[in-house]
Amino acid sequence: MQVTAFSTPEQPNWRWRISKYSGEVVEESREVFQTIAVALDAGRTRLGELDAADEPERRGWGRPLSFGRRAAR
């Protein structure tokens with residue numbers, strides 16, 4: 017998992033977001049921070065508290081069975 021910090025034009029203060037490498041958001045801060053460094057530090061602390069493991073997406077190996085084959089007649 018990774019921690020990122022973001023701000024928006026409507027809310028210029030910083031917040032942190034924890035997400036999986038696949039892009040799925042795990043958690044986002046409600047608290048706002050004055051600097052990006054403070055937001056990232058708080059996010060990393062929270063990430064350390066989480067006991068959820070970031071499992072990689074499972075995908076099948078090889079090609080689909082129908083790849084390159086013609087239908088039987």
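The opening position of the sequence shown corresponds to residue 17 in the numbering used here, with each subsequent residue numbered one higher.
We put the beta carbon where it would ideally sit given N, CA and C, even for glycine.
#1: Just to confirm the assignment, what range does the alpha helix (DSSP H) spanning V54 have?
#2: Between S45, E65, R62, which has its C-alpha nearest R31's C-alpha?
#3: Please classify T24: does DSSP put it in a helix, a strand, or coil?
#4: Looking only at DSSP bridge pairs, what is S35 linked to?
#5: If V19 and G59 are in contact, beta carbons under 8 angstroms, what's the gap, nearest whole angstrom?
Checking against the coordinates, here is how it stands:
#1: Counting along the chain, the alpha helix (DSSP H) containing V54 begins and ends at 52–65.
#2: S45
#3: coil
#4: Bridge partners of S35: Q18, V41.
#5: 4 angstroms
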